Structure formats: structure tokens, C-alpha cells
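In this note's numbering, the protein residues as written are 4 to 941. Backbone N, C-alpha and C define an ideal beta-carbon position, used for all residues, glycine too. All values derive from a computational prediction rather than experimental measurement. Remarks on the structure that follows.
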């Protein structure tokens with residue numbers, strides 16, 4: 004509702020207005036009056052929101068709410084324009100005009116302040132009229148029995164999101180369906196089969212197929228696999244590229260870079276060539292267009308290898324039937340029967356009560372589940388809502404009564420978004436804006452969680468709370484949305500942190516239906532130049548069905564670019580000429596190679612992302628962006644930051660490096676950027692990566708950055724090591740630290756640090772270590788360690804294996820000895836172990852009881868290691884083993900039938916052998932692959 008806009012004005016803009024116009028007589032009174040009127044209006048808006056929930060809002064109220072929203076935006080515009088006006092410097096640049104400049108500036112500011120006073124008076128009158136109108140029409144009188152909001156004032160911060168997500172992801176009632184689909188895939192004929200899973204939205208089609216796709220039997224049966232989500236708006240070339248990349252990745256190879264520039268026909272040729280001799284499986288999820296299915300069938304070779312295509316669709320007409328071909332199978336996914344639906348509901352709601360429902364809630368639970376009509380998505384979302392409420396009849400009765408009429412009067416398909424909307428209505432207001440913001444991203448888009456968090460902060464959605472950084476608080480917001488099943492975790496790492504998230508397509512429909520509440524719209528690049536709708540937030544893509552309109556509005560605050568092949572020059576002209584009040588510009592992945600100097604005119608800019616672009620240089624005018632909080636230059640071509648960067652005192656996130664996948668992995672694989680002196684002025688920085696440590700003076704400046712959580716520093720010389728240690732001891736909040744020497748022969752002098760950062764979770768050291776740093780053993784919270792080019796002569800595992808919370812360990816040229824020994828009881832939490840380029844290693848011993856949770860083991864380029872690690876058969880949790888560029892003797896010893904050590908690895912679901920093609924690209928072979936044997940024997 005408009006309450007989002009009003010609350011943002013109260014939170015972010017009124018205090019700023021008070022500060023700017025503090026010298027003008029009478030303004031304080033007017034500002035206080037506006038603030039008071041807005042706070043009263045907020046209460047009316049919350050009640051109006053409850054009426055929307057019950058579909059009990061009159062047309063008069065709807066008009067009033069719209070006017071309030073527009074008035075809130077008007078207030079925001081006035082203040083931002085005023086600040087922008089005052090920020091413009093006087094015309095004369097020379098010192099001898101100093102007096103005239105001062106007089107001009109005073110006159111100019113005085114005039115602007117009188118203009119703002121006049122506008123404030125108008126706003127005050129308008130708001131008073133709006134408030135009186137609300138009282139007159141009794142907008143705040145609503146029926147009793149609405150949803151309780153007791154929990155809305157409490158901020159819930161739960162770092163155990165990974166375990167919560169795993170528990171919430173449990174499914175019910177699909178076991179027999181899953182086994183049937185697996186049998187069709189694995190036991191099917193040699194010719195290619197096609198399986199269609201058909202059902203209404205939210206019935207669990209994708210969930211079922213994902214369980215099949217990830218099943219060990221299926222993974223082992225196919226040489227390579229891919230999963231693409233089509234959605235209604237798609238570009239065939241992008242989907243083909245995605246398929247190619249996944250198929251190569253499944254074989255532990257890198258796809259040819261040329262595919263990024265290929266047209267459709269050439270992409271199909273590459274795809275067919277890639278799969279010519281492969282047994283593959285592909286899932287085409289959420290298919291709407293039967294024509295695209297024909298493209299898929301043509302693009303993928305029918306090579307008599309037993310390959311399979313699996314599609315999910317809501318439209319039965321899209322699915323090829325068994326009548327058309329004996330190799331086509333159709334599975335109709337039906338809603339859950341009542342007993343299974345209730346079981347799923349109990350698992351979701353009573354997960355902390357061992358799925359036991361209190362006696363007094365049994366009847367009400369059954370009624371609520373009946374309303375969900377057996378749809379798993381609806382059950383999970385409503386269950387997530389109830390799991391956060393008091394488990395009492397009165398609370399549950401209110402919820403049941405608030406949506407019973409809607410469910411009784413609407414069809415099954417239309418009922419789903421209504422049920423999902425209940426979870427939206429139950430959100431506290433500080434989460435509603437965060438949730439709606441997800442609509443800025445394309446359908447089926449995997450959203451980088453860290454990116455999302457930074458955007459929320461830039462937009463002003465995250466309220467400050469004592470004891471937490473804005474980033475930590477935003478992560479708590481995201482955790483809440485995940486817990487309520489409004490956001491799904493797409494990818495989380497080995498330490499349980501969610502890295503990517505997404506929104507279910509049905510929930511996205513709920514978001515888009517409320518686009519006006521955040522005043523955002525989706526625009527096609529073909530139509531942007533004629534888009535005349537007033538929108539504060541614009542997302543530009545290739546394929547969005549929008550009317551022909553124009554984006555030249557002064558009021559636009561945010562702009563995103565997704566999946567464009569080309570950005571017209573006229574677009575840049577529009578951006579920097581018209582969008583003077585811009586707050587966020589997210590150009591990640593956009594095909595651009597420069598940023599004009601006019602970017603410096605965007606005084607209000609908080610967020611600028613040039614990640615994965617071809618931009619080579621930042622204009623000096625970047626120093627004018629005094630409100631900038633995020634500057635993301637990762638994988639751009641920017642190699643040096645301008646001196647003016649030191650003026651950005653509000654900057655919280657500064658990340659930049661250059662990466663080239665065509666060169667073989669080395670210590671400079673990710674090139675750091677040069678930074679000027681003055682970096683110590685950026686005292687709000689939370690993340691700084693990846694910078695060159697050119698001298699002690701610069702390193703000493705880092706000591707002023709007391710808020711740093713992540714630091715990545717490169718080109719460190721031995722003589723600067725002690726200075727860095729001294730600085731690091733002062734960084735009490737640091738969680739991630741990566742240090743890289745000037746070369747792989749340069750010694751990292753890090754012994755002098757006696758008190759390392761106490762909360763360090765990730766440590767990467769790249770460079771020679773004459774001695775193992777003893778301070779590492781003090782890192783009780785450490786979860787990830789990488790020792791690269793360390794060339795230690797004493798076995799580092801003897802000391803590292805005692806670290807209680809270590810989950811990932813990498814040694815790349817980190818040890819020069821002949822033997823590594825992991826003792827029983829060692830590495831109790833380690834999940835990922837990588838040993839690379841250990842030239843002298845000829846034996847790896849793993850005692851029973853060591854590495855009980857290890858899931859992935861990678862051993863690469865150890866030319867003297869010619870026998871399988873001793874004790875590998877003890878690793879019962881091991882899922883993946885990769886041998887990279889290993890001796891022929893070891894590879895042969897592991898092959899089925901004749902390999903003497905095959906029995907030691909046969910319990911491992913996935914054993915792969917990788918050989919370099921060029922740069923960081925590899926060709927992968929599965930255990931027993933005939934091509935692998937031919938390679939070894941040639």
C-alpha cells in the first residue's frame with residue numbers, strides 16, 4: 004500500500020529536510036506538522052491495507068490511498084530536488100572570484116529555501132485535507148477479527164537459515180511418482196524418450212522432477228545433464244547457451260567462449276556436436292510454447308544412447324502423448340490426497356514439535372488444509388505463515404475466517420495467488436517493500452543474495468538497529484522471507500550460507516499485481532524511448548510485453564538492465580540527462596564499455612554496479628557521488644581507481660578485479676586494482692576487494708577502516724608484512740581475509756600477528772610461508788582456509804585438522820613434502836577438501852574416523868601420487884571425487900573390472916577425471932568411460 008512510500012519519507016527524508024532548512028524561520032514548525040500528519044495518515048493506511056485483504060475497500064478509499072502515495076512521492080521529489088539544487092556549485096572556477104562566488108551561493112540558497120518553504124506550506128495544507136477526509140469517511144473503521152500484528156515490531160534474526168531451509172524443503176506424497184519417473188529414465192529404451200509432467204500451477208511438478216533430476220541413480224546413469232527454465236518470455240539463443248554451458252559443466256569442462264556471440268543455428272550445431280556421443284538428460288521446466296519444444300527436439304541429437312528429455316508444463320496440449328510415440332510418457336501430477344496434505348502441513352507448521360499437532364488445533368488444521376485443495380505450494384506458504392504465529396485457536400481462527408470466502412468463491416487456479424497474498428498481507432511493513440522489490444528481477448531469475456541485500460540498503464528499505472550492521476539486518480530480512488516460504492534458496496554454500504535465491508512464479512504474479520505500491524514497471528528495450536508512464540523504478544529487458552511508452556521522467560529513482568544484446572547510445576543520454584534523482588543503477592552484465600562523466604551529476608546515487616561489463620575507466624566525476632554506498636566493478640576492465648574515490652565517505656562496498664579464463668590459473672589470475680592514497684577516509688567501508696598493497700603508507704591507511712568485514716589485498720611484499728599484521732590486529736569486525744603476495748616466490752611475512760581478528764571465518768593466503776602462522780590455530784570461528792603457493796615443508800594438516808569449525812580446505816602448491824596424514828578424529832566438520840599441485844606428494848593417508856562429513860574431495864596435479872589415498876573407503880559421506888591431471892597409474896588402478904583399487908571408490912556416487920585443454924578449461928571423464936580408457940592407452 005501507500006504506507007510503504009509514506010514510511011520511507013518519514014524515515015529517510017524528514018530528518019534531512021529539518022537539517023537543510025534549519026535556519027529558516029517557521030520551517031521547523033511546518034516540518035513537524037508534516038511529520039505528524041504523515042504519522043496519523045499511516046494508521047489510516049494500515050487499516051486500509053486490512054480492507055484490501057478482505058476485499059472491502061470502497062472506490063473512495065482507493066482514490067484516497069492513491070493520492071496519499073502520490074503526495075508522499077511529491078514530498079520526496081521536493082526534498083531531493085532541493086538538495087540537488089543546493090549542491091550545484093557556483094559558475095566561477097577561479098579563486099579571485101571567491102567573494103562573488105560566496106555571495107552568489109548565498110543568494111542562490113536563500114532563493115531555493117524560500118521556494119521550498121512555499122512548497123512545504125502547500126504540502127502541509129494538502130496533508131491536513133487528506134487526513135480530515137479520512138476522518139470524515141471513517142476510513143479507519145474496519146471489522147473486528149483481522150490478522151494479529153503482534154509480531155510485526157519484532158526483528159527476527161536467525162542465522163540457521165540453511166538448516167531451516169532443508170527442513171522446509173521436505174516433500175510429501177511423491178515417492179511413488181518419483182520412482183516411476185526414475186524407472187522410465189534409467190530403464191527406458193535406447194532411443195531418446197520424452198517425459199512430460201503435467202499439472203496446474205503449484206501442484207509440485209518442478210519439485211517432483213527436481214527430486215528425479217538429483218537422484219543418485221539418474222546422476223550416475225547419464226554422462227551429462229542440464230536444467231533450463233523457459234517461462235513465458237524467453238530468448239532461444241540464451242536458452243541454448245545455457246544448455247551448452249550446463250552440459251559442459253556437467254562434464255567438468257568449460258564451454259567455448261565463442262558461443263556468447265553465436266546465432267541460433269550455430270548454437271544448435273555446437274549443441275548437437277557436444278552431445279553426439281553422450282547419454283544426456285535435460286529438464287525443460289515451465290514450458291508454455293509447443294513450438295519451442297520442437298526446437299528442443301531438433302537441437303538435441305537422438306543418438307540411441309538412452310537419452311531423455313523431461314518437461315513440466317501446465318498445459319496438457321504442449322505435452323507429447325504416448326499415442327504420438329511409444330517413447331513419449333506423460334505423468335499427470337494431481338493434488339495431494341487429504342492425508343498427505345495434512346502430513347505436509349504438520350511438517351511445515353510443527354517442525355519444532357516433532358510434527359505433532361495439539362489436540363485443540365486438529366479440527367482447525369483440517370479445515371485450513373481443505374481450503375488449500377491439496378496444492379503443496381499453498382500448504383507450504385500458509386504453513387509457513389502459521390509456524391510464526393501463536394499456536395492457539397483464536398489466532399488460527401482469525402486466519403481461517405479471513406480467507407474462507409475467497410477460497411469458496413474462486414476456482415482452484417485463481418485461488419492460489421489469493422492464498423499466497425495472505426502471506427504478503429501478514430508481512431511487517433519493513434518486509435513488504437523488500438518482498439515487492441523482487442519483482443524488479445526477470446521471471447525465474449536466480450538473484451545473488453548479497454546483491455539483493457545491497458540494493459535494499461540503497462533503496463532505504465533497511466531500518467537501522469543498534470548492534471547490527473545494515474547488511475546483517477538486511478540478511479535477517481531475507482531470512483524472514485525464506486522462513487515464510489516467500490523466497491526460495493536456490494544455492495547455498497558448504498557452510499550453509501544462502502548465495503542465490505529466487506521467487507516462485509506464482510508469488511511473482513502476486514508481486515506484479517502490486518507493482519504500483521513500489522511504483523515500478525518492466526520495460527522492453529525496444530519500447531523504452533517512448534515510455535511516458537511515471538515510474539520510480541524501471542527494469543529493462545529484451546522480452547517484456549509493454550506498450551510503447553517513454554522513460555524520460557525526472558522522478559525515476561532506480562534502473563536495472565537484464566539480458567540486453569545492445570544498449571543504445573540514446574539510452575545513456577536519457578539516463579544521465581533526465582534521471583537526476585537516481586539512487587540505484589544496476590548495469591550488471593550489460594553490454595557497455597564506458598560510463599559518461601555526467602554520472603557525477605547524479606548526486607543522490609547510492610548504488611552503481613558495472614560488474615561483468617567492458618568498462619575500462621571511471622570518470623573523475625565519480626568523486627561527486629557523496630551518497631554512494633556500493634561500487635561494484637567485479638569482472639569489469641577497470642584496473643585503476645581515480646584519486647577522487649577517496650571523497651566517497653559513505654561508501655560501504657568497493658569490489659573490483661579483472662579475470663581472464665583463457666590463461667592458466669596462477670597467483671595473478673584475478674588482477675587487483677590500483678588505488679590512490681586517501682583510502683583511509685572511507686571509514687564506512689564494509690568490504691574492500693581486491694586492491695594492490697603498494698607500500699606501508701597505504702597499508703597503514705587501512706587501519707582507519709574499522710568497520711571492514713571483508714578485505715582482499717594483493718601484491719604484498721615481504722617488507723610490508725609486519726605493517727599489515729599490525730593493521731589486521733585492529734580489525735575486530737573482520738570476517739573474510741585474503742592476502743596475496745607480489746609473486747608466487749614472494750614470502751608472506753605474517754608471523755608477527757599475535758591477536759588475529761576474532762571473528763574471522765574465511766582466510767586465503769597466496770604466497771610462500773617459511774613457517775605455518777601459529778595465529779591460525781586461534782581462529783575458532785574459521786570455516787574456510789586456502790593456502791596457495793605456501794610451499795610448506797611440514798605437514799599443515801596435523802595442525803589444521805584440530806580446527807573445530809573448518810568446513811572447506813584448499814592446499815594449492817601449499818606443501819612440499821612427500822606424505823600427508825589425516826588422523827582419526829581429524830576434520831570433524833570438513834565438507835570440501837582440495838589438494839592441488841603438490842609436486843612431492845606420493846602418499847595420502849586417511850585414518851578411520853577422520854573426515855566423517857566430507858562430501859567432496861579434489862586431488863589435482865600431484866605427479867608422484869600414483870596410488871589411491873589410503874583409507875578413502877572410510878569416507879561414507881563422500882559424494883564427489885575429482886582427479887585432475889593425475890598419473891596414469893592412479894587412474895588405471897581405479898577403473899572398473901581390472902582396476903585393483905576400484906573397490907575403494909565404488910561406494911562414491913561420482914568419480915571424475917579431468918584433463919586440461921587450455922587455460923582453466925578441462926575435459927572431464929566419468930569413471931569407466933571408454934573415451935578415458937582410450938586416452939590412457941594412447
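**Prompt:** For the alpha helix (DSSP H) that residue 578 lies in, which residues bound it at each end?
**Reply:** 572-581
**Residue range of the alpha helix (DSSP H) that includes residue 223** = 219-224
**Asked** Sorted by chain position, which residues of the same chain lie with C-beta nearer than 7 angstroms to residue 640's C-beta, five sequence neighbours on each side aside?
**Response** 617, 618, 619 and 661
**Item:** residue 438 - DSSP class collapsed to helix/strand/coil
**Value:** helix
**Request:** Note the first and the last residue of the continuous alpha helix (DSSP H) segment covering residue 865.
**Result:** That residue, residue 865, is in no alpha helix (DSSP H); it is neither H nor E in DSSP.
**Request:** Mind listing, in chain order, the continuous beta strand (DSSP E) runs of no fewer than 3 residues lying wholly within the region 597-625?
**Result:** 610-612
**Item:** Under the three-state DSSP convention, the category residue 558 falls into
**Value:** coil
**Prompt:** Which one of 275, 324, 348 and 513 has the shortest CA to CA distance from residue 379?
**Reply:** 348
**Asked** Given that a residue counts as buried once 16 or more other Cβ atoms are within 10 Å of its Cβ, and exposed if not, what is residue 937?
**Response** exposed
**Item:** Test item: CB-CB of residue 871 and residue 907 under 8 angstroms
**Value:** yes
**Message:** So, with DSSP's three-state summary, where would you put residue 533?
**Reply:** Since pLDDT at residue 533 reaches only 44, below the 50 mark, its modelled position is unreliable, and the value read off the structure follows with that caveat. Of the three classes helix, strand and coil, the one that applies to residue 533 here is coil, per DSSP.
**Prompt:** Given a threshold of 16 other Cβ atoms within 10 Å of its Cβ, counted over all protein chains shown, does residue 925 qualify as buried or as exposed?
**Reply:** buried
**Request:** In the DSSP assignment, find the unbroken beta strand (DSSP E) run with residue 810 in it and report its ends.
**Result:** Here residue 810 belongs to no beta strand (DSSP E), and DSSP marks it neither H nor E.
**Prompt:** Where does residue 933 land, buried or exposed, given buried means 16+ other C-beta within 10 angstroms?
**Reply:** exposed
**Item:** Whole runs of the beta strand (DSSP E) within the region 628-670, excluding any shorter than 3 residues
**Value:** 633-637 and 656-662
**Request:** For the beta strand (DSSP E) containing residue 333, list its first residue and its last residue.
**Result:** 331-335
**Item:** Run of the beta strand (DSSP E) containing residue 448, from where it starts to where it stops
**Value:** Looking at the DSSP string, residue 448 is not in any beta strand (DSSP E), and its letter there is neither H nor E.
**Whole-Å CB distance - residue 912 paired with residue 905, under 8 angstroms assumed** = Residue 912 to residue 905, Cβ: 15 angstroms. No contact.
**Request:** Report all residues from its chain with a CB closer than 8 angstroms to the CB of residue 763; omit the five preceding and five following residues, and keep chain order.
**Result:** 737, 738, 739, 740, 782, 784 and 785
**Inter-residue CB distance, residue 766 and residue 788 (contact presumed, cutoff 8 angstroms)** = 5 angstroms
**Request:** Please state whether DSSP places residue 322 in a helix, a strand or coil.
**Result:** coil
**Request:** Alpha carbon to alpha carbon, how far is residue 128 from residue 503? Give it in angstroms, no decimals.
**Result:** 47 angstroms
**Message:** I'd like to know if the region 322-329 and the region 196-213 are in contact, where contact means that at least 3 CB-CB pairs between them fall below 8 angstroms.
**Reply:** yes
**Prompt:** Counting pairs of beta carbons, one from the region 177-193 and one from the region 206-217, are three or more of them closer than 8 angstroms?
**Reply:** yes
**Asked** Helix, strand or coil: which one does DSSP assign to residue 845?
**Response** coil
**Prompt:** Hey, how far is the Cα of residue 522 from the Cα of residue 233?
**Reply:** 27 angstroms
**Prompt:** From the DSSP output, which residues share a beta bridge with residue 197?
**Reply:** 312 and 331
**Message:** Ignoring anything shorter than 3 residues, give me the beta strand (DSSP E) runs that lie fully in the region 864-910, in order along the chain.
**Reply:** 883-887
**Message:** Can you tell me which residues form a DSSP beta bridge with residue 229?
**Reply:** 285
**Asked** Thinking C-beta only, is residue 83 closer than 8 angstroms to residue 584?
**Response** yes
**Message:** Taking 8 angstroms as the cut-off, does the region 236-248 touch the region 366-378 (at least 3 CB pairs, one atom from each stretch)?
**Reply:** no
**Prompt:** Which word fits residue 920, buried or exposed, when buried means at least 16 other C-beta atoms lie within 10 angstroms of its C-beta?
**Reply:** exposed
**Prompt:** My guess is that residue 818 and residue 850 are in contact by the Cβ rule of under 8 angstroms, so how many angstroms apart are they, rounded?
**Reply:** With 8 angstroms as the limit, residue 818 and residue 850 do not qualify as a contact, their Cβ atoms being about 18 angstroms apart.
**Request:** Confirm, please, whether the CB-CB distance from residue 804 to residue 779 is below 8 angstroms.
**Result:** no
**Prompt:** Around the Cβ of residue 301, are there at least 16 other Cβ atoms within 10 angstroms (buried) or fewer (exposed)?
**Reply:** exposed
**Buried or exposed (CB count within 10 angstroms, at least 16 for buried), residue 1** = This structure cannot speak to residue 1, because the chain is shown only from 4 to 941.
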